[in-house]
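Take any residue in the sequence shown, note its place counting from 1, add 14, and you have its number in the working numbering. We put the beta carbon where it would ideally sit given N, CA and C, even for glycine. As the structure is a computational prediction, the values presented were derived from the model and not from experiment. Just below is one structure, and these are the notes that go with it.
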Amino acid sequence: MKLIDGKKTAQDISNELKQEVDKYTAQGHRPPHLVAVLVGNDPASTYYVRSKEKKAKKAGYTSEVIYLDEKTSEQELLQLVNQLNNDTAIDGFIVQLPLPKHIDEHKILMAIAPEKDIDGFHPENIGRMVAQLPGFLPATPYGILELINRYQIPTEGKKAVVIGRSLIVGRPLSILLSQKRPGGNASVCVAHSRTKNISELTKDADIVVTAIGKAHFLKADMVKDGVVIIDAGINEVPDSTRPKGYKLVGDVDFDEVSKKASYITPVPGGVGPMTIAMLLKNTLQAYENNYLKKKN
Ligand code: L34
15 MKLIDGKKTA QDISNELKQE VDKYTAQGHR PPHLVAVLVG NDPASTYYVR SKEKKAKKAG
75 YTSEVIYLDE KTSEQELLQL VNQLNNDTAI DGFIVQLPLP KHIDEHKILM AIAPEKDIDG
135 FHPENIGRMV AQLPGFLPAT PYGILELINR YQIPTEGKKA VVIGRSLIVG RPLSILLSQK
195 RPGGNASVCV AHSRTKNISE LTKDADIVVT AIGKAHFLKA DMVKDGVVII DAGINEVPDS
255 TRPKGYKLVG DVDFDEVSKK ASYITPVPGG VGPMTIAMLL KNTLQAYENN YLKKKN
């Protein structure tokens, strides 16, 4: 079994990005600027946006989080999105999900200017991904592809099962894995809550990706020997021995499944840190497109 070290890979990518940024700033350009918007104060979401800001700064970017009250109206958030769209000092921004129930998520995502949509959630970027045109790939699936490529895990002609069909992970990843591209060319099956006898599918798979948010969902008897496991789940389970009172686990029963896997991502330290690294990569891309090309 080989452990896929997302934390280290994310660090490598961050160092690579920093070199690019240093090169641009040495030429007299301003650094890339990333903004995250958080509505409300969910502890996990707060941690993720702070982490994005911190990692951006480590890579030499400027960055900030805009914290909005839980009660912010849809109209107010739309106004802020519009303001960020028009601010040329900002290369890319994200609105952290989930949003409070009184705000229509789709309305907000649609309002983000596609050229600043570094999450790749705008329908224009989703369309570009599907058509394999230049655009932003959503950070978590992009990070998974990057892990597959950097670890040189064969995907061509392999049977992949993606469990989950969310806009953020399952749906886009299932598309990417099947496309003609590095880390692609797999035969992909998407499993979800309405799938019958999921084991029948996973047992036959060379690659299993879990993205459903259910702790210990994937068990050893559901996979074959030598399987590649990518765990995109992040679940908090109670643990009184930890200062926070919980620990993070993925969707995979890691201790058991890792014995059968050829490659496996841990949680934490797998897909999560890669999400942030690829967000930074997209931000650099946005900076090159929106700022550098206009200056030169
Ligand atoms: N708009 N909303 C928007 N974009 C995103 O890309 C996200 N996501 C998901 C939630 N909402 C979003 C994230 O950023 C999930 N997510 C995310 C980002 C980073 C990490 C986890 C999820 C992460 O860094 N995880 C670490 C451990 C964190 C810890 O110790 O608590 C890991 O090692 O998995």
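Evaluate contact between the segment 113-128 and the segment 249-260, counting only Cβ atoms and requiring at least three cross-stretch pairs below 8 Å. By the Cβ test, the segment 113-128 is not in contact with the segment 249-260, since fewer than three Cβ pairs between them sit closer than 8 Å.
Taking Cβ positions, are Val237 and Val223 nearer each other than 8 Å? no
If we require 3 or more residues per run, which beta strand (DSSP E) segments fall completely within the segment 145-218? 173-177 and 201-205
Name the one or two DSSP bridge partners that Thr224 has. Ile177 and Asp245
Would you report the Cα separation of Gly284 and Pro155, rounded to the nearest angstrom? 12 Å
In this structure, how does DSSP classify Gly106 when only helix, strand and coil are distinguished? strand
Three or more beta-carbon pairs under 8 Å between the segment 272-279 and the segment 180-189, yes or no? no
Helix, strand or coil for Ala50, going by three-state DSSP, please let me know. strand
Every unbroken alpha helix (DSSP H) inside the segment 264-301 [4 residues or more]: 268-271 and 285-301
Please classify Arg179: is it buried, with 16 or more other beta-carbons within 10 angstroms of its beta-carbon, or exposed? With 16 or more Cβ atoms within 10 Å of its Cβ, Arg179 is classed as buried.
Local conformation of Leu94 per DSSP, three classes: helix
What is the residue span of the beta strand (DSSP E) that Ile27 lies within? It is not in any beta strand (DSSP E) - Ile27 instead sits in the alpha helix (DSSP H) that spans Gly20 to Ala40.
Glu250 versus His230 - alpha carbon distance: 11 Å
Measuring straight from C-alpha to C-alpha, what distance separates Ala246 and Ile226? Near 8 Å, if we compare the C-alpha coordinates of Ile226 and Ala246.
Go ahead and pull the three-state DSSP assignment for Lys122. Note that residue 122 is Ile in the sequence shown here, rather than Lys. Ile122: helix per DSSP, three-state reduction.
Measuring only from the beta carbon, is Val241 closer than 7 Å to any heavy atom that is part of the ligand L34? No.
Report yes or no: do three or more beta-carbon pairs, one from the segment 81-90 and one from the segment 128-136, lie closer than 8 Å? no
Counting C-beta neighbours from all protein chains within 10 Å, is the total for Asn211 16 or more, i.e. buried, or is it exposed? Under this definition Asn211 is an exposed residue.
Between the C-alpha atoms of Pro252 and Asp265, what's the straight-line distance to the nearest angstrom? Spanning the alpha carbons of Pro252 and Asp265 requires a straight line of approximately 15 Å.
Provide the residue span of the beta strand (DSSP E) that contains Glu78, from first to last. Thr76 to Leu82
Supposed contact pair Gly171 and Ala300 - C-beta distance, whole angstroms, cut 8 Å: Wrong, their Cβ atoms sit about 34 Å apart, outside the cutoff.
Ignore the nearest five residues each way along the sequence and tell me which others in Asn199's own chain have a CB closer than 7 Å to its CB. Same-chain partners within the cutoff: Thr169, Glu170 and Gly171.
At which residues does the alpha helix (DSSP H) containing Arg64 begin and terminate? Pro57 to Lys72
Please report the Cβ distance between Asp267 and Ala234, rounded to the nearest whole angstrom; I am assuming they are in contact, meaning their Cβ atoms lie under 8 Å. 7 Å
From Val109, Glu302 and Lys32, residue whose alpha carbon lies closest to that of Leu52: Val109
Looking at Ser207: is its Cβ nearer than 8 Å to the Cβ of Gly240? no
Exposure label - Leu147; buried when at least 16 CB within 10 Å: exposed
So what does DSSP say about Lys16, is it helix, strand or coil? strand
Using C-beta distances below 7 Å, list every residue in its chain close to Lys69, excluding the 5 sequence neighbours before and after it, in chain order. Ser28, Ile290 and Leu294
Could you give the DSSP three-state label for Leu4: helix, strand or coil? Within the shown structure, residues of the chain are numbered from 15 to 310, placing residue 4 beyond reach of any answer.
Identified DSSP bridge partners for Glu138: DSSP output for Glu138 lists no bridge partner at all.
Does the distance from the C-beta atom of Pro287 to that of Lys16 stay below 8 Å? no
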